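See below for the structure under consideration.
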Amino acid sequence: MEHTEFNNDLIEFLNASPTPWHAVNNMKTRLDAAGFQQLDEREEWALEQGKGYYAIRNGSSIIAFRTGKNDVVSSGVRMVGAHTDSPCLKVKPTPEIRRKGFFQLGVEVYGGVLLNPWFDRDLSLAGRVTVLDESGKVQDTLVNFRKPVAIIPSLAIHLDREANSNRSINAQTDLPPVVMQVPETDTTAFTDLLREQIASESGLKARKVLGYELSFYDAQGASYVGLREEFLASARLDNLLSCYIGLQALLDTSGDQAALLVCNDHEEVGSMSAEGAQGPFLGSVLERWCGAGKGRAIARSMMISADNAHGVHPNFMDKHDENHGPILNQGPVIKVNHSQRYATNSRSAALYRHISDELGLPHQTFVVRSDMGCGSTIGPLTAGNLGVTTLDIGVPQFAMHSIRELIGTQDGYTLYQVLKEFMQREEVF
Numbered sequence: 001m002e003h004t005e006f007n008n009d010l011i012e013f014l015n016a017s018p019t020p021w022h023a024v025n026n027m028k029t030r031l032d033a034a035g036f037q038q039l040d041e042r043e044e045w046a047l048e049q050g051k052g053y054y055a056i057r058n059g060s061s062i063i064a065f066r067t068g069k070n071d072v073v074s075s076g077v078r079m080v081g082a083h084t085d086s087p088c089l090k091v092k093p094t095p096e097i098r099r100k101g102f103f104q105l106g107v108e109v110y111g112g113v114l115l116n117p118w119f120d121r122d123l124s125l126a127g128r129v130t131v132l133d134e135s136g137k138v139q140d141t142l143v144n145f146r147k148p149v150a151i152i153p154s155l156a157i158h159l160d161r162e163a164n165s166n167r168s169i170n171a172q173t174d175l176p177p178v179v180m181q182v183p184e185t186d187t188t189a190f191t192d193l194l195r196e197q198i199a200s201e202s203g204l205k206a207r208k209v210l211g212y213e214l215s216f217y218d219a220q221g222a223s224y225v226g227l228r229e230e231f232l233a234s235a236r237l238d239n240l241l242s243c244y245i246g247l248q249a250l251l252d253t254s255g256d257q258a259a260l261l262v263c264n265d266h267e268e269v270g271s272m273s274a275e276g277a278q279g280p281f282l283g284s285v286l287e288r289w290c291g292a293g294k295g296r297a298i299a300r301s302m303m304i305s306a307d308n309a310h311g312v313h314p315n316f317m318d319k320h321d322e323n324h325g326p327i328l329n330q331g332p333v334i335k336v337n338h339s340q341r342y343a344t345n346s347r348s349a350a351l352y353r354h355i356s357d358e359l360g361l362p363h364q365t366f367v368v369r370s371d372m373g374c375g376s377t378i379g380p381l382t383a384g385n386l387g388v389t390t391l392d393i394g395v396p397q398f399a400m401h402s403i404r405e406l407i408g409t410q411d412g413y414t415l416y417q418v419l420k421e422f423m424q425r426e427e428v429f
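1 is the number of the first residue of the sequence shown in the UniProt record's numbering; add one for each residue after it.
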């Protein structure tokens, strides 16, 4: 896969993946097309060497792996990790709000959302809905309105003279999006609107909506930006970009070595769930694959946790350590924090640098300012749960956790090339 093809396909993947459930479903489609076989966690597994497999949990987390040509216990596993979720606004269980003829939906803030950019954007709605169908069967279905269906209008500056200097956002009162206008006597239930959309989108006639997990998202698709198109702007680059990079690396690797991609849900809210990185999903898959030799296999393995990094913003350069400020389009960023907010150590960083140097590709290093707090990733959680040597790395970006983020067009492809080589490398440690 060459550079332009990579970015064009990335844009297609981002636009088709407004929620973790859609992202996993799209990854499943690509894995199926490549000949990977889906595994059911409820059944016995009969894994064969030289094959590709994947397992899905909750519809929002996925683990895909190649068994390789050699015994996994003696060869170890080359692992890449990412997460499928992004900060957003989720619809509450009983969301209907009616004020002055406006029909609005109550929302809950998911993760560390940068809230200001959500105002005055064309918003659509997508997620998973659980319904009772006409035959009396309970089933899940994906829904995506696709078109703009809501907006959170700003308050005019004439009514808030301090808007540019002293405005704060109340998540309870300021964020409910406007969906439509209705008469004062309106009794429309949001679930009725959902049933109509499901019937229109999939033909499924739902007798009743039993539950849903729905998120608003920016209806504007991903696009190139810049006079020379040096940048790519999109929602959910943190961290669907890393999911896409890891998937493409796994699909394009030789398959000779045991290699695995895990994309967990719920990273943005702490990862403590059945399908999150603090849960048992990855450990369970490795145990069923490696059997009694799991510990020996992990000792020969390595995990690369891929999650975007903070690039130096030209308007806010003082927010970075002067010697550790990643620049967009100058390479993926090795993330270091000696308080273990990142899991990188000298060995894992050295291996990445060595592979990258062999390929003639650039890399950078990030350390947070000593007077600022540091974020974290699934890297330390996975390292702590499994005891596996881990590297934290990511593509540098602007506007992390905004409704629309920005990356350079070179860095994702660079990381893909290194991860592809890592996944087919004969020896890790």
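We put the beta carbon where it would ideally sit given N, CA and C, even for glycine. Model, not experiment: these values are computed from the prediction.
Enclosing beta strand (DSSP E) for residue i [first to last residue]
i, result
"Asp-392", "389-394"
"Arg-66", "61-66"
"Met-303", "302-306"
"Pro-93", "88-99"
"Leu-419", "Run containing Leu-419: none in the beta strand (DSSP E); it sits in the alpha helix (DSSP H), 411-423."
"Thr-365", "364-366"
Through-space distance from residue j to residue i, alpha-carbon basis
i, j, result
"His-324", "Val-179", "44 Å"
"Ala-235", "Tyr-217", "8 Å"
"Gln-139", "Thr-191", "15 Å"
"Phe-281", "Arg-57", "8 Å"
"Arg-42", "Asn-308", "34 Å"
"Val-269", "Ala-34", "32 Å"
"Gly-387", "Gly-68", "22 Å"
"Val-186", "Gly-136", "Note on identity: in this sequence residue 186 is Asp, with Val being the wrong assignment. Roughly 29 Å between the two C-alpha positions."
"Asn-144", "Asn-8", "22 Å"
"Gly-127", "Trp-45", "30 Å"
"Gly-211", "Arg-195", "12 Å"
"Asn-170", "Lys-100", "20 Å"
"Leu-123", "Gly-52", "38 Å"
"Met-400", "Pro-183", "40 Å"
"Leu-125", "His-22", "12 Å"
"Glu-426", "Ser-75", "8 Å"
"Val-107", "Tyr-352", "41 Å"
Residue i and residue j closer than 7 Å at C-beta
i, j, result
"Leu-359", "Gln-417", "yes"
"Gln-257", "Gln-38", "no"
"Gly-81", "Ser-305", "yes"
"Thr-389", "Met-302", "yes"
"Cys-374", "Asn-337", "yes"
"Gly-255", "His-266", "no"
"Val-312", "Phe-366", "no"
"Gly-221", "Asn-15", "yes"
"Thr-84", "Pro-20", "yes"
"Arg-66", "Glu-134", "no"
"Leu-260", "Val-77", "yes"
"Ala-297", "Val-73", "yes"
"Leu-237", "Gln-397", "yes"
"Leu-391", "Ser-348", "yes"
"Lys-420", "Asp-252", "yes"
Proximity winner among the options, relative to residue i (alpha-carbon distances)
i, options, result
"Ser-168", "Gly-283, His-158, Lys-28 and Ser-154", "Ser-154"
"residue 430", "Phe-36, Gly-394, Cys-374 and Ile-11", "The structure shown does not extend to residue 430, since the chain is modelled only from 1 through 429, so no value can be given for it."
"Ile-157", "Ala-150, Ile-151 and Ser-165", "Ser-165"
"Asp-357", "Ser-370, Leu-261, Phe-422 and Asp-321", "Phe-422"
"Leu-89", "Gly-384, Ala-297, Trp-118 and Ala-55", "Trp-118"
"Gly-226", "Leu-406, Gln-49, Leu-31 and Asp-32", "Leu-406"
"Asn-64", "Leu-247, His-22, Phe-231 and Leu-142", "The displayed chain sequence assigns Ala, not Asn, to residue 64. Looking at the Cα atoms, Leu-247 is the closest of the given residues."
"Ser-402", "Tyr-342, Pro-95, Leu-47 and His-310", "His-310"
"Gln-197", "Pro-177, Val-149, Lys-319 and Ser-370", "Val-149"
"Met-372", "Leu-114, Lys-319, Lys-92 and Tyr-413", "Lys-319"
Reduced DSSP secondary structure (H/G/I, E/B, other) of residue i
i, result
"Leu-214", "strand"
"Met-317", "helix"
"Val-285", "helix"
"Cys-243", "helix"
"His-158", "helix"
"Met-180", "strand"
"Arg-146", "coil"
"Arg-353", "helix"
"Met-27", "helix"
"Asn-70", "coil"
"residue 441", "The structure shown does not extend to residue 441, since the chain is modelled only from 1 to 429, so the question has no answer here."
"Thr-6", "This sequence places Phe at residue 6; Thr is not what is there. Looking at Phe-6 - three-state DSSP - the assignment turns out to be helix."
"Arg-341", "coil"
"Thr-141", "strand"
"Val-269", "helix"
"Asp-85", "coil"
"Asp-238", "helix"
"Phe-429", "coil"
Start-to-end residues for the alpha helix (DSSP H) that takes in residue i
i, result
"Asp-321", "Neither: Asp-321 is in no alpha helix (DSSP H) and is coded neither H nor E."
"Glu-196", "190-202"
"Leu-261", "Leu-261 -> not in any alpha helix (DSSP H); beta strand (DSSP E) instead, spanning 259-264."
"Thr-130", "From DSSP, Thr-130 is part of no alpha helix (DSSP H) but of the beta strand (DSSP E) over 123-133."
Residue i: CB within 6 Å of a non-hydrogen atom of the ligand COA
i, result
"Ser-223", "Although the ligand COA was asked about, the structure shown includes no ligands whatsoever."
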